[in-house]
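Protein chains in written order, with the numbering used here: chain A, 1 to 262; chain B, 1 to 262.
Even for Gly, the Cβ is constructed at its ideal location relative to N, Cα and C.
2 protein chains.
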Amino acid sequence: MQRYFVEPEQMTQRSVMLTGEDARHCVTVMRAKPGDRFIASDGQGRDVVAAIITAARDAVQAEIVQEITDSAEMTWRITVAQSLPKADKLETVIQKCTEAGAFAFQPFLSRRTVVQLDERKEQRRMDRWRKIAKEAAEQSHRSKVPEIRAICNWQQLLAGFSAYNLVLLCHEDEGRADTGLRQTLADFRRSLATAPDTAAPNVLLIVGPEGGFAPEEAEAAAASGAKAVGLGKRILRTETAALYALACIAYESGELGGYSDA
Amino acid sequence: MQRYFVEPEQMTQRSVMLTGEDARHCVTVMRAKPGDRFIASDGQGRDVVAAIITAARDAVQAEIVQEITDSAEMTWRITVAQSLPKADKLETVIQKCTEAGAFAFQPFLSRRTVVQLDERKEQRRMDRWRKIAKEAAEQSHRSKVPEIRAICNWQQLLAGFSAYNLVLLCHEDEGRADTGLRQTLADFRRSLATAPDTAAPNVLLIVGPEGGFAPEEAEAAAASGAKAVGLGKRILRTETAALYALACIAYESGELGGYSDA
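Following this line, the structure appears as structure tokens:
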């Protein structure tokens, strides 16, 4: 069933209204008629099945026939902080990591970031990133569109560590990190068992630029509480690392089932 | 250090010769001079550090100064069987999964594969896929280039299951599979402990086309011994699924470290 994200004010107790591009898509692309159904999500956790009453290209009016209670959101909230990569690689990261369940994205600039910011283009790029996140969230049947935060610098990123229960720094260091990701995640999962107030723990996953982090940056991150972790013996491209790590986090957190004997 | 894959006959006990495109790359792009070093890999597990003696655009002669014994290959050999996806998506799958350590690729056609084979173009595409695998293997510091096997059909894929110790069928089935990937992998890992002859177990990871597998296909795979597994509550694009599953397999097999208490 087609899924649309709507603004909370487009959804009442009993009805949903599609407008703008969504109404046009529903009528023109999906060729929807009265009686056809779609899923609407208010992006804040409420998902409903709605049946169309009237369909016009500028507005589709529908009545809610079912509330969906089984959320596809991850239990752990993973914010992906990615050093701005070259070309359109951040688009790939946002699309793939949205499918994989990322909670938010925080692009940042670090010492070895080679991308030059162009103020005139920034708003346009941000709009494009948000559109990609929305479409990927719809496609993967999520009930939340990940937030794309404004680009920040390294100091601002460090200053925000305290908002997270766990900060992971993917630091290859010639392909060998001191601690494997698995031990760090397993320790964290166990720590949650004795901290019942963290039902939805916040995790910050930091991925560096093509050239990696400068040693001073890795040290500053560790001093601020980040855990440096390796992603195995092979060198992953910067745009591959976040999805790879997200899959591992999902695996450890129980998204892919548990162990029957655990 | 730059890494080049060479044919076994280009490497002797004490020397390495780069030829063709690799020699040109070494001299023209890397601007290598006598004394400079590179890593050469024979693609069969032997990796060496070599120091250049003479550098010309058609041949670079180097002496071996060190054997590298610490392999970046995965312990479990994962063959990625991917239903031929649209456009150039298989290129993405090959590039990313080579970085992540895939052992081989087996493209196949299934009921809902929408791609039409064009015999005239097949050899050119295969050449391109092999080039992408070679470059990604070099970039991620692997000592083996994954093999890209010729496209096969569903019956041929089924007939080959017996060559594997584990066959995983990624089957979303409306986003909910009967068994989570984690339990299946954990059971498999435990089974290896009592089967010491499988030091390098062979795993076949099967990812379906955009429209998923037909029910008869999933049934036939199960009847031939495949384990149907889900990759979580969100619907992943076909080109995202293999990398996501590979990361999970690497995680379970111990590539990202173990549990100190396990």
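Please classify residue i as buried or exposed, where buried requires at least 16 other C-beta atoms within 10 Å of its C-beta.
i      : result
M74/A  : buried
K121/B : exposed
M1/A   : exposed
Q156/A : exposed
S191/B : exposed
A262/B : Reliability of the predicted coordinates at A262/B is poor, the pLDDT of 43 falling under 50, and no value is obtained from them.
K86/B  : exposed
A159/B : exposed
P209/B : buried
T92/B  : buried
P269/A : In the structure as shown, chain A begins at 1 and stops at 262. Residue 269/A is therefore absent and cannot be evaluated.
Q82/A  : buried
G211/A : exposed
G225/A : exposed
I148/A : buried
E252/A : buried
R182/A : buried
I249/B : buried
Q123/A : exposed
V114/A : exposed
Apart from the five residues just before and just after residue i, which ones in its own chain have a Cβ nearer than 7 Å to its Cβ?
i      : result
D47/B  : I39, S41, I68 and S143
L243/B : K96, C97 and A100
N153/A : F108 and L109
A150/B : none
Q293/B : What the structure shows of chain B is the stretch from 1 to 262, and residue 293/B is not part of that stretch, so it cannot be assessed.
A214/A : R111 and R112
A51/B  : G35, R37, A62, E63 and V65
Y164/B : N202, V203 and L204
A218/A : L169, H171 and A228
G257/B : none
Per DSSP, residue i is paired with what?
i      : result
S41/A  : F5/A and D47/A
P85/A  : P85/A is not bridged to any residue.
V80/A  : F105/A and L205/A
A59/A  : T19/A and A56/A
L166/B : V203/B
G230/B : G180/B
G148/B : For clarity, residue 148/B is Ile in the given sequence; the question names Gly instead. The partner list for I148/B (beta bridge, DSSP) reads F105/B.
M11/B  : V16/B
E67/A  : V48/A
Would residue i count as contacting chain B if we go by Cβ distances under 8 Å?
i      : result
K144/A : no
R111/A : no
E99/A  : yes
R270/A : Since the first residue of chain A shown is 1 and the last is 262, residue 270/A is not available in this structure.
I235/A : yes
A250/A : yes
A200/A : no
R37/A  : no
G232/A : yes
G208/A : no
K227/A : no
Q183/A : yes
A72/A  : yes
A247/A : yes
G212/A : no
By Cβ distance, which residues of its chain are closer than 6 Å to residue i, with the 5 residues on each side in sequence left out?
i      : result
R77/A  : F103, A200 and N202
C26/A  : L18, A32 and V60
Q66/A  : V49
L205/A : I78, V80, L168 and A245
I132/A : E91, I94 and Q95
S71/B  : S143
K227/A : L168 and T184
Taking CB distances under 8 Å as the criterion, tell me whether residue i reaches chain A.
i      : result
Q82/B  : no
G257/B : yes
R125/B : no
K89/B  : no
A59/B  : no
Y242/B : One detail in the question is off: residue 242/B reads as Ala in this sequence, not Tyr. Not an interface residue.
G175/B : Residue confidence is low: G175/B scores 45 on pLDDT, short of 50, so the model does not pin down where it sits. Its coordinate-derived value is still stated next. Taking Cβ atoms only, chain A reaches closer than 8 Å to G175/B, which makes this a yes.
Cβ of residue i less than 8 Å from any chain D Cβ?
i      : result
H141/A : Here chain D cannot be found, since the structure's protein chains are A and B.
Suppose the cutoff is 8 Å on Cβ atoms and the five residues either side in sequence are ignored; what does the same chain contact list for residue i look like?
i      : result
A241/A : C170, V207 and L231
R57/A  : A23, R24, V27 and T28
T238/A : Q82, S83, P85, K89, V207, G208, P209 and E210
Hey, would you say the C-beta of residue i is under 7 Å away from at least one heavy atom of the ligand COA?
i     : result
G20/B : Ligands in the displayed structure: none, and consequently the ligand COA is not present.
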